[in-house]
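Trainee: Just so you know, UniProt numbering puts 1 at position 1 of the sequence shown, and the rest follows in order with no gaps.
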Amino acid sequence: MGASGAGKTTLLRTLSDLPTAAGFSGCVTRPDRIGWMAQTDLLQPHLTVAANVALIDRLAGRRADPARILSLLEATGLDGFANRRPATLSGGQRQRVALARALMQAAPVLALDEPFSALDPATRARMQETARRALAGCSVLMVTHDPAEALRIADRILILSGGKVTEFPLPDAAPLRDLTEAGTLAALGRLNLAVQQ
Ligand SMILES: Nc1ncnc2c1ncn2[C@@H]1O[C@H](COP(=O)(O)OP(=O)(O)OP(=O)(O)O)[C@@H](O)[C@H]1O
């Protein structure tokens, strides 16, 4: 988390070995493969939804498992959309295709840059659950502007400000946390203040 312009996307891109406008010196140790989902969905307009989900495999010269594609489309609430083109989808549906594509990569580390920002609250809550389930066992570094989202799903919350990272202490409850529970609600108040500083 962190204010707009704090450098969150730049940090994710640096960790993922993607180019940035920022200067960087030092050394990043990372696994060979890092999955990535950007703020913009970057869907290929000429490909169907299923082909977009399979794209990373295709680019890597692998055959994508059709059953896995269908199960990820189902998990992201897109069953029946496999043969549609991105232009026929809403912004939220497109973002869910991008999420399915990120989940398809099954990389040990996944960088998600505000993956749920275009979704309505109910779909967003469902996608948070889907992503947590589908990504159990992966390390996921996710940027979000939404303190409630971070509190609900994160194992750790780091706040980037003035070039420094501070860890926000989480309540004892395990994710997916109940935001109406007193301890979580109190933490939400503290987190709202912390990200405004
Ligand atoms: N460590 C850094 N050194 C120099 N410039 C940086 C650094 N980190 C970020 N910047 C620059 O600051 C600007 C904003 O960075 P970035 O897009 O990463 O912010 P952000 O926190 O993701 O913002 P937003 O929440 O609005 O998406 C960019 O122009 C980026 O190049």
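Note that CB positions come from ideal geometry on N, CA and C, so glycine has one too.
1. Identify the residues that DSSP records as bridge partners of Asp113: which are they?
2. Measuring straight from C-alpha to C-alpha, what distance separates Gly91 and Val97?
3. Kindly identify the DSSP beta-bridge partner or partners of Glu129.
4. Quick one: which unbroken alpha helix (DSSP H) runs of 4-plus residues sit fully inside the segment 45-113? Chain order, please.
5. Under 8 Å between the Cβ atoms of Leu112 and Met1?
6. Do you know offhand how far Gly77's Cα is from Pro175's?
7. Where does Glu149 sit, in a helix, a strand or coil, going by DSSP?
8. Could you check where the alpha helix (DSSP H) with Leu193 kicks off and where it finishes?
9. Going along the chain, which residues put their C-beta within less than 5 Å of some heavy atom in ligand 1?
10. Are three or more beta carbon pairs between the segment 58-68 and the segment 129-144 nearer than 8 Å?
11. Can you name the start and end residues of the alpha helix (DSSP H) that Leu12 belongs to?
12. Less than 8 Å between the beta carbons of Ile56 and Met127, yes or no?
13. Are Leu110 and Leu151 touching if we call contact CB-CB under 8 Å?
14. Return the residue from the list Gly163, Thr184, Lys164 and Gly7 that minimises the CA-CA distance to Thr171.
15. Would Lys8 and Val143 qualify as a contact pair, given that the criterion is a beta-carbon distance under 8 Å?
16. Between Arg132, Leu47, Asp178 and Ser117, which has its C-alpha nearest Thr40's C-alpha?
17. Could you spell out the range, first to last residue, of the beta strand (DSSP E) harbouring Met1?
18. Rank Glu167, Leu72 and Val53 by C-alpha distance to the C-alpha of Arg85 and give the top, closest one.
Mentor: In terms of the structure at hand:
1. One-based indexing of the sequence shown puts residue 113 at position 113. Note: Asp113 sits in a beta bridge opposite Val143.
2. As a working note, residue 91 is residue 91 in the sequence shown. As a working note, residue 97 is residue 97 in the sequence shown. Going by the C-alpha atoms only, they are around 10 Å apart.
3. Within the sequence shown, the letter at position 129 stands for residue 129. DSSP lists no partner for Glu129.
4. 49-53, 55-59, 66-75 and 91-104
5. Looking up residue 112 in the sequence shown gives position 112. Looking up residue 1 in the sequence shown gives position 1. Met1 is positioned such that its CB atom lies no closer than 8 Å to that of Leu112.
6. Here the question's residue 77 lines up with position 77 in the sequence shown. Here the question's residue 175 lines up with position 175 in the sequence shown. Distance between the alpha carbons of Gly77 and Pro175 is about 22 Å.
7. Locating residue 149 in the sequence shown gives position 149, where the first residue counts as 1. Helix at Glu149.
8. Along the sequence shown, read from residue 1 onward, the residue named residue 193 stands at position 193. Unbroken alpha helix (DSSP H) run through Leu193: Ala182 to Gln196.
9. Ser4, Gly5, Ala6, Gly7, Lys8, Thr9, Thr10, Ala21 and Ala22
10. Output reads no: the segment 129-144 does not touch the segment 58-68.
11. Start at 1 with the first residue of the sequence shown, and residue 12 comes out as number 12. Counting along the chain, the alpha helix (DSSP H) containing Leu12 begins and ends at Lys8 to Leu15.
12. Locating residue 56 in the sequence shown gives position 56, counting from the first residue. Locating residue 127 in the sequence shown gives position 127, counting from the first residue. It is not a contact, given that the beta carbons lie outside the stated cut-off.
13. Here the question's residue 110 lines up with position 110 in the sequence shown. Here the question's residue 151 lines up with position 151 in the sequence shown. Going by C-beta atoms, Leu110 is not nearer than 8 Å to Leu151.
14. Numbered from 1 along the sequence shown, position 171 holds the residue referred to as residue 171. In the sequence under discussion, the amino acid at residue 171 is Pro, which differs from the Thr named in the question. Per the Cα distances, Thr184.
15. As a position in the sequence shown, residue 8 is number 8, starting the count at 1. As a position in the sequence shown, residue 143 is number 143, starting the count at 1. Their beta carbons are under 8 Å apart, which means Lys8 touches Val143 by this criterion.
16. As a working mapping, residue 40 is identified with position 40 in the sequence shown. The shortest Cα separation from Thr40 among Arg132, Leu47, Asp178 and Ser117 belongs to Ser117.
17. Start at 1 with the first residue of the sequence shown, and residue 1 comes out as number 1. Careful: Met1 lies outside any beta strand (DSSP E) and carries neither H nor E.
18. Against the sequence shown, residue 85 aligns to sequence position 85. Checking every option, the nearest Cα to that of Arg85 belongs to Val53.
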